[in-house]
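Presented below is the structure to which this report refers.
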Amino acid sequence: MLLEAIYHRPKQNWCYAYDRETLHIRIRTKRNDIDRIQAVVGDKYAWDQTVRKVPMRVFASDELFDYWEVAVKPPYRRLRYFFQLEEGRKKLWLTEKGFEKTQPAHSLEAFDYPFINPIDVFEPPAWVKDAIFYQIFPERFANGDPSNDPANVEPWGGTPTPSNFFGGDLQGVIDHLDYLENLGINAIYFCPIFEATTNHKYDTQDYMQVDKHFGNNDKVKELVELCHKRGIRVLLDAVFNHAGATFGPFLDAKEKGADSEYANWFHVRDWPLRVENGIPTYDTFAFEPIMPKLNTENEDVKKYLLGAAKYWIEEVGIDGWRLDVANEVDHQFWREFRQTVKSAKPDAYILGEIWHDSMMWLQGDQFDAVMNYPFTNAVLDYAAFGKIDGLGFANAIGKQLGAYPQQVGEAAFNLLDSHDTARLLTLCNGNERKMKLSALFQLTYPGTPCIYYGDEVGMTGGHDPGCRKCMVWDEAEQNGDLLHFYRTLIALRKNHAALRSMDIRFLHAAAKDAAIVFERLASGERFIIAMNAGGTARKVTVTAAAGTYRNAFTGETVEVKAKDLTLSLPEYGFAVLQLLEDGEPAK
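The opening residue of the sequence shown carries number 2 in the working numbering; numbering runs sequentially from there.
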């Protein structure tokens, strides 16, 4: 046993309350180094009467480590535990004191989980586990009301620039709710809709008013109500890291300088407010002078922003917030934000924009989820760019699964592109088969998938502003095959719990091999999904449960009798197989 590789600590993703009666305990070991691990568990006040051993399982692996897990329901909601590690005939015990060659006789040396306090249990909204999001950039989705167009509006479908307008608005979204419902999505994430000067609206002028070119507050309330009637949740974008250059308090501070009553609403290094050699004398988003950073430690700033967060939930009925540049705002503000939002709507979804490791924000006191760009990068490196082989991809996914508690994975916001990136089809260099592989993994993987508007009809575009083209509504210009693929895939995910569960196991992932095969299980359902991200055809044989499998896309069936399943995959091809019982899906 390589002792240096073994790791555990009784907190965060290593020992946590999954729900109000269940603890998840995890330990890390060198990959393929340990044969068996048992958790020795018991109640600290009745150790001798309650102590028992429970076997652990490897639930994820990466290039270096195996991650083991066991779920335990302590009868009195408290637990002491240590680990028995076995490799061949060798046994070793890991306690809070370290490694021991004999099993401890009592619990004093054990790790301690004092008590499952319900208020401390991290419980993201249950509905998010079943959500399929669709991201809309409002200015470019549909122009439903030309009467509110900007004066310099351009014809729909023109070339986007950083500063032009095409008249997209909230009425346009209302006009196309049938389309969204038929696509199968059940949640919408809107980029900012509040009053601002730009087409993207990330320079907020008034957090309490919808931008006049999108409609008004009554219009967004109408939109939310119509969405809810169709079973569609609505998420709005909160830009609380910074405001806009036309934000009233900023204009006052700019005019009156340090004497302004709003002087402390911002982070000012030198008065008066100005830009020198391209660098503002006040903190901003990046170095954008039109986006002054808000001082969220200021009580008046907090009162204003938290009041806005509460207003749109209570008065308009939205279902949560996406938080822009969330990692640059102080943690205490986000703790108060969560308390405010959850008091208004306990099942509101709080989603932070963070592009990297996010454990600090995902411990139940701040966000429910973050935009899962590490997932994005792994999928694109495998399916779109061909940078990593099947083993490298499985390792990247395993590392992510091991990095967070299970409920974090269930609510993770899994995207492949957005208004901040090039579009998926462009990232795939126009190869629709690579795009389908990417979307297939996204929509058969644990978490909450999000589709960027227009991807499903084959829209292309590089980084901003290319990724912000007008939605293509002319069916003659849409990619009908791709749209059918997305509709089929979305319906599969919605209809089968196995494709939304956290139970994922790679059956095949090898070095220098672009093919992968993985299994999805839940509620008696079993799916085997195979993907070939390579430019040559592959045959792959895996061990599978005996029975009849049906291809969800072609309807063809295949029999597995000797537990060997051989799959023929064309270049950039895939197969989605569901185990049947007596000719029907397994229950």
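Note that CB positions come from ideal geometry on N, CA and C, so glycine has one too.
Taking the alpha-carbon positions, what's the residue i to residue j distance?
i: R501; j: M361; result: 25 Å
i: T205; j: K222; result: 19 Å
i: K540; j: Q364; result: 43 Å
i: L425; j: A534; result: 15 Å
i: I133; j: L171; result: 20 Å
i: I189; j: V543; result: 38 Å
i: I38; j: I505; result: 21 Å
i: K202; j: L86; result: 55 Å
i: D1; j: T449; result: Past the boundaries of the shown model lies residue 1; the chain is included only from 2 to 588, so the question cannot be answered.
i: R32; j: E520; result: 21 Å
i: Q210; j: N432; result: 42 Å
i: Q408; j: A127; result: 10 Å
Closest to residue i by C-alpha separation, out of the options, would be which residue?
i: D369; options: A379, P347, T377, Y383; result: P347
i: A547; options: K564, G535, T558, A531; result: K564
i: C429; options: Y573, L392, L508; result: Y573
i: P398; options: C16, I351, A188, Y446; result: Note that residue 398 is Ile in the sequence shown here, rather than Pro. For I398, the nearest C-alpha among the options comes from Y446.
i: V269; options: P293, R551, L4, E262; result: P293
i: T160; options: D514, L490, T461, E256; result: T461
i: G216; options: T247, P147, D418; result: P147
i: K304; options: E329, D284, I280, F338; result: F338
i: S164; options: L580, K257, T199, D176; result: T199
i: L441; options: P119, R488, N299, H9; result: R488
i: I314; options: T341, G391, P156; result: T341
i: I517; options: S524, Q333, H509; result: H509
i: P115; options: F142, V42, L184; result: V42
i: K74; options: Y19, F191, R336, W272; result: Y19
In the DSSP assignment, find the beta strand (DSSP E) that holds residue i and state where it starts and stops.
i: G99; result: 99-101
i: N496; result: Unbroken run through N496 is the alpha helix (DSSP H), 481-496; no beta strand (DSSP E).
i: Q579; result: 575-582
i: P450; result: 449-453
i: T30; result: 24-31
i: W322; result: 321-324
Does DSSP put residue i in a helix, in a strand, or in coil?
i: F60; result: strand
i: K130; result: helix
i: A18; result: strand
i: A553; result: coil
i: C228; result: helix
i: M503; result: coil
i: V330; result: coil
i: F123; result: coil
i: K437; result: helix
i: Q364; result: coil
i: I398; result: helix
i: E5; result: helix
i: G43; result: strand
Residue i: buried (16+ other C-beta within 10 angstroms of its C-beta) or exposed?
i: I233; result: buried
i: V577; result: buried
i: L493; result: buried
i: S344; result: exposed
i: F83; result: buried
i: L438; result: buried
i: F100; result: exposed
i: R275; result: exposed
i: D1; result: Within the shown structure, residues of the chain are numbered from 2 to 588, placing residue 1 beyond reach of any answer.
i: I452; result: buried
i: D482; result: exposed
i: E557; result: exposed
i: T162; result: exposed
i: E582; result: exposed
Are there any heavy atoms of the ligand GTP lying less than 6 Å away from the beta-carbon of residue i, as far as the coordinates show?
i: A309; result: No copy of the ligand GTP occurs in the structure displayed, which carries no ligand at all.
If we cut at 7 Å on Cβ distances, does residue i have a partner in chain C?
i: A379; result: Structure shown: chain C not included; a single protein chain is present.
Along the alpha helix (DSSP H) that carries residue i, what are the first and last residues, could you check?
i: L109; result: Element bounds for L109: n/a, residue is neither H nor E.
i: H253; result: His is not the amino acid found at residue 253; the sequence shown has Asp there. Note, D253: alpha helix (DSSP H), 249-257.
i: R90; result: It is not in any alpha helix (DSSP H) - R90 carries neither H nor E in the DSSP assignment.
i: Y405; result: That residue, Y405, is in no alpha helix (DSSP H); it is neither H nor E in DSSP.
i: I188; result: The sequence as given places Ala at residue 188; Ile does not occur at that position. Counting along the chain, A188 falls outside any alpha helix (DSSP H), though it belongs to the beta strand (DSSP E) covering 188-191.
i: T427; result: 425-428
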